[in-house]
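Notes to accompany the following structure.
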Amino acid sequence: MLQMFQLSLKRKIYLGFGIILMLVFGNALAVYFGSKRIARVFDRMSQIEAINAVVLRMDRDVQELRLRADRFVYSGRESQSNAAKEIFDRLRVNIDAATQQQTDPEMVTLFGQIDSRVTEYAKHFDAVIVERKIRQDLVEQQLPVLVQQIEDQMATLSTRLAGSGVTDQRLALVRSQSAFSKAEKFLLRYFENPDGELVESSVGAIHDAVRQLGEIEGLQGEVDAIVEAIRDFESVGLRAVQATRSYLFLRNVVIAGEESEVSYYSAQLRSRAETRREFIASELAATSNRVRLFSWGIVVTAVGLSLLIATRLALLIVTPISELTQTFERLSSGEVLADVPGTRRTDEIGKMATAARIFSDQNLRTRELLEQSQQLGVELREQANLLQATNEELDSFAYVASHDLRSPLRGIKHLAQWIEEDVREDLSSEGEVYLDNLKTRVGKLEVLLEDLLDFSRVGRIEPAVEIVDVGSVLENIADMVSNPHEIRIDWPSDLPEFETVRAPLEQVFMNLIGNAIKHNDKGPQGVVSVTWSAAGDCFEFAVQDNGPGIDAANFDRIFQMYQRVGDTSIEGSGMGLAIVKKQVEFFGGKICVTSQIGQGTRFIFTWPCRLPTKPSEAVCGAVS
Amino acid sequence: MNKVLPTLVVVEDDFVDLEIVKRGVAKRQMEVDILNAADGNAALDLLRSDRLTDQQRSQLIVLLDINMPGMNGHQFLDAIRADEAFRRTTVFILTTSDHPRDITRAYDRNVAGYFLKSNVGGLLETLSLYLRHVKSPPVVSLQPV
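Chain order of the listed sequences is A and B.
All letters in the first sequence, in the order written, are residues 1118 to 1741 by our numbering.
All letters in the second sequence, in the order written, are residues 30 to 174 by our numbering.
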């Protein structure tokens, strides 16, 4: 049983089905062999039945034979004897056939004895026929002739006697005639009813007739002829009686004996067959009983074993699987289980349980990760909030600072201007230089503050949404931008026209194109070209120049506040690209730069085709 | 004193800004008297004092800054528009704020114009035309305090 626990479920199921199949097959085999055996017994049974039928037929034939024989004996007709012979033939054939089919030696002996009896019977019957024929011939042919002859001779004698007139002799003749007539009648009656006394009476009458004739004198020749004829009659009659006695003896004693022998043997045969039949019947009953019992036994065993195996398998499979199902349901709802049932098993369920264990571990890990990520999320949100607060603070600081610094700066500018207007001629040459320096620095500071203010204004004021023709925007810029070298500005004629905020887009283009012109080192050969393409739900604009290019190491820096790369002699606050980036990202776009030293620079930014109803928060992050 | 000049009351705390106006006026040789108040309260005091004659009041124009310490421009506007004597007084705003809220609020109080300090020149040109062509509202006698 321990071995069975270690088998895999698949093997267990196969094994179970194999056992059940074997039982079913065994049952089929048992039924097959049982039925075969029963059939064999039935075969023997039917053999017995056949013997019975043969014996029955034989009995019937023997009876008929007796009938025919009797009839033949009494009638002497040939048809009866022929019928009897046919029956003999039939009997022999039947007996032969039955003997050949028999295997039981006792039966064979019995059949043999019957056969010899029947042969004897036939032999005696032939003798009967002979005797009967003889008698018939004597009685029907010879006797009537003799009777006629005697009667004729007596009639002739009577006539002769009548002529002589001797009365006594005529009387003797008449008495003799009467005695002979009596003798004839007795004899004939005997042939109808064979009684010994009738023969004696007939012989007596004949003797009487002969004695009466002896009384006649004269005519001795005629009398002796008549006596001779009467003696012939007597001998023929006696011969016929003898034949009758002979065949009656044969019929009544010998043949009857054979008959009873045959009857005896046939009775023996029948009883033997009956005994065998009973024996076989009991054998059949026993066999079928045994087969039934055996097959029942197998069926019951099969059903019981099947139930046992099925229950065992069901318990073995269903219970753990339903447990596992519950386990998996709990696992899929994210639970972590301290113990998964069935992990110690070595079969498929054990493997599944192991999988569930791993699942549970994964759940635990996921939960930990989730907690970590939630923790991180909280931290990130806090960081983001902090960052946003910082950014807002920075923006607001930038705004306040640039705004509030502007006023005193303007004051300084005016004061310097007034000094110049009012007392320039009184200043020393150094004083003039100082004053010029003062003015220059005030100008720079103004630009710085103006750009800082622009930067802080991104997203602070909500610009109006209108239909903007990008082409006209670029035309405006081309008009406004400071372009001392008349650098060419190209843009395609099919620039989009769409609903968006004009001022921020213009500011972006202005800064990019302004930078491209300001930093261009090709003089009049300088070219700035604007291209565009539709990229899903936004437009992608590119501003390309053939200027000095930017070192890739500075790609990040150029978008930061107050960061300047390239030629420092070129005026600028370092805020332009920071403003561009802030503006683009504020409206949900992205900006990037591709450039190589000496190969020009390409700024690519996206701008949404449709502005969101509320501009997204500015995203702070590195530019790709 | 054969002729009374129009009076320009500049409500401005910043010296430079006041100086810009003064220098602009001088540069354009505009014939105006300039009085200065450092905040709303000082301006109200000035307007209600007897430092201004009725002739001066009949040609009175106020240049008002919005962002000031003390009473600011809006508060000052609220105060004079609530005052029967000054509710019609001509006021120009001269400020650094271009915030729409400030502009709207100023015009709600019936200012004659809103100018940014970066555009003082524009204001002064407007003023010279204004003084030449526009009739001032009639003077309302001050109620005895």
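Every residue gets a Cβ at the ideal spot worked out from N, C-alpha and C, and that includes glycine.
Sub-8 Å separation of S1650(A) and E1657(A) beta-carbons: The residue given as residue 1650(A) occupies position 533 in the first sequence. The residue given as residue 1657(A) occupies position 540 in the first sequence. Result yes, Cβ atoms of S1650(A) and E1657(A) sit closer than 8 Å.
Closest Cα partner of E1391(A) within the set R1154(A), V1172(A), Q1716(A), S1573(A): The residue given as residue 1391(A) occupies position 274 in the first sequence. When each option's Cα is compared against that of E1391(A), the closest is V1172(A).
Exposed unless 16 or more other CB atoms sit within 10 angstroms - verdict on K164(B): Here residue 164(B) is taken as the residue at index 135 of the second sequence, counted from 1. Looking at its Cβ environment, which holds fewer than 16 other Cβ atoms inside 10 Å, K164(B) is exposed.
Within chain A, the residues that T125(B) reaches when beta carbons sit closer than 9 Å: Mapped onto the second sequence, residue 125(B) falls at position 96. Residues of chain A passing the Cβ test: H1520, R1523, S1524, R1527.
Rounded separation between R117(B) and R1681(A) - CA only: Counting from 1 along the second sequence, the entry for residue 117(B) is found at position 88. Counting from 1 along the first sequence, the entry for residue 1681(A) is found at position 564. Their backbone Cα atoms lie some 54 Å apart in a straight line.
Partner residues on chain B for H1531(A), Cβ-Cβ distance less than 9 Å: For the purposes of this step, residue 1531(A) is taken as the residue at position 414 of the first sequence. Result: V45, D46, E48, I49, R52.
Whole-angstrom distance between G1193(A) and Q1253(A), CA atom to CA atom: By one-based count along the first sequence, residue 1253(A) stands at place 136. By one-based count along the first sequence, residue 1193(A) stands at place 76. In a straight line, the C-alpha of Q1253(A) is about 8 Å away from that of G1193(A).
Interface residues of chain B facing W1724(A) [CB-CB closer than 7 Å]: Within the first sequence, residue 1724(A) is the residue found at index 607, counting from 1. Under the 7 Å cutoff, chain B gives no residues; its nearest Cβ is about 26 Å from W1724(A).
Against chain B: residues of the segment 1597-1621 of chain A by CB proximity under 9 Å: none
Listed by chain order, chain B residues near W1535(A) by CB distance under 8 Å: Locating residue 1535(A) in the first sequence gives position 418, where the first residue counts as 1. By Cβ distance, chain B contributes E48, R52.
Cβ-based burial, A1739(A) [other Cβ within 10 Å; buried from 16]: Locating residue 1739(A) in the first sequence gives position 622, counting from the first residue. With a pLDDT of only 33 at A1739(A), under the threshold of 50, the placement of this residue in the model should not be trusted, and no figure is reported.
Three-state class that DSSP yields for E1509(A) in the structure shown: Within the first sequence, residue 1509(A) is the residue found at index 392, counting from 1. Helix, per DSSP.
A1384(A), buried or exposed, once every other Cβ within 10 Å from all chains shown has been counted against 16: Looking up residue 1384(A) in the first sequence gives position 267. Looking at its Cβ environment, which holds fewer than 16 other Cβ atoms inside 10 Å, A1384(A) is exposed.
First and last residue of the uninterrupted alpha helix (DSSP H) at N1169(A): On the first sequence, position 52 is the one that residue 1169(A) refers to. Segment 1126-1192, the alpha helix (DSSP H) holding N1169(A).
Strand pairing of G142(B), partner residues [DSSP]: Position 113 of the second sequence, counting from 1, holds the residue named residue 142(B). Paired residue(s): F121(B).
Helix, strand or coil at W1608(A) [DSSP, three-state]: What you label residue 1608(A) is simply residue 491 of the first sequence in a count that begins at 1. Note: W1608(A) maps to coil in three-state DSSP.
Buried/exposed call for W1413(A), threshold 16 Cβ in 10 Å: One-based indexing of the first sequence puts residue 1413(A) at position 296. Classification for W1413(A): exposed.
Under 8 Å between C-beta atoms of I1155(A) and S1380(A): Counting from one through the first sequence, the residue named residue 1155(A) turns up at place 38. Counting from one through the first sequence, the residue named residue 1380(A) turns up at place 263. No. Outside cutoff.
Collapsed DSSP secondary structure at N1502(A) in the structure displayed: Residue 1502(A) sits at position 385 when you count from the first residue of the first sequence. If DSSP states are grouped into helix, strand and coil, N1502(A) belongs with the helices.
Classification of Q1700(A) by the beta-carbon crowding that lies within 10 angstroms, buried from 16 upward: As a working note, residue 1700(A) is residue 583 in the first sequence. Buried, because 16 or more other Cβ atoms sit within 10 Å of the Cβ of Q1700(A).
Opposing strand residues paired with S1646(A) [DSSP bridges]: Translated into positions along the first sequence, residue 1646(A) becomes position 529. Beta-bridge pairing links S1646(A) to D1607(A), Q1661(A).
Touch test, the segment 100-111 of chain B against the segment 147-161 of chain B, Cβ-Cβ under 8 Å, three pairs minimum: no
Pairwise C-alpha distance: G1653(A) and T1723(A): One-based indexing of the first sequence puts residue 1723(A) at position 606. One-based indexing of the first sequence puts residue 1653(A) at position 536. Those two C-alpha atoms are separated by around 10 Å.
Spatially closest choice to V1225(A) from T1216(A), G1689(A), I1594(A), by CA coordinates: Along the first sequence, one-based indexing puts residue 1225(A) at 108. Of T1216(A), G1689(A), I1594(A), the residue nearest in Cα terms is T1216(A).
Rounded C-alpha distance that separates W1535(A) from E1592(A): Counting from 1 along the first sequence, the entry for residue 1535(A) is found at position 418. Counting from 1 along the first sequence, the entry for residue 1592(A) is found at position 475. Cα-Cα distance, rounded: 39 Å.
For I1687(A), three-class secondary structure by DSSP: As a position in the first sequence, residue 1687(A) is number 570, starting the count at 1. In this structure, I1687(A) counts as coil in the three-state DSSP scheme.
Heavy atom of the ligand HEM within 7 Å of E1376(A) beta-carbon: Inclusion of the ligand HEM in the displayed structure is not the case, the ligand content being empty and no account of it being possible.
Residue burial classification, K32(B) (beta-carbon count within 10 angstroms, cutoff 16): By one-based count along the second sequence, residue 32(B) stands at place 3. When all chains shown are included, K32(B) counts as exposed.
R1320(A) - DSSP class collapsed to helix/strand/coil: As a working note, residue 1320(A) is residue 203 in the first sequence. Reading off the sequence shown, one finds Val at residue 1320(A), where the question assumed Arg. Three-state result, V1320(A): helix.
Anticipated Cβ contact below 8 Å, T1557(A) with V1582(A), distance rounded: Along the first sequence, read from residue 1 onward, the residue named residue 1557(A) stands at position 440. Along the first sequence, read from residue 1 onward, the residue named residue 1582(A) stands at position 465. T1557(A) to V1582(A), Cβ: 40 Å. No contact.
As assigned by DSSP and simplified to three states, the class of L1728(A): Here residue 1728(A) is taken as the residue at index 611 of the first sequence, counted from 1. Reduced to three states, the DSSP call for L1728(A) is coil.
Local conformation of I1407(A) per DSSP, three classes: Along the first sequence, one-based indexing puts residue 1407(A) at 290. Per the sequence shown, the amino acid found at residue 1407(A) is Arg instead of Ile. If DSSP states are grouped into helix, strand and coil, R1407(A) belongs with the helices.
CB contact flag (M1175(A), N1211(A), <8 Å): Working through the first sequence from its first residue, we reach residue 1175(A) at position 58. Working through the first sequence from its first residue, we reach residue 1211(A) at position 94. Contact flag set, yes.
Element boundaries [beta strand (DSSP E), containing N65(B)]: The sequence position of residue 65(B) within the second sequence is 36, counting from 1. N65(B) -> beta strand (DSSP E) spans 62-66.
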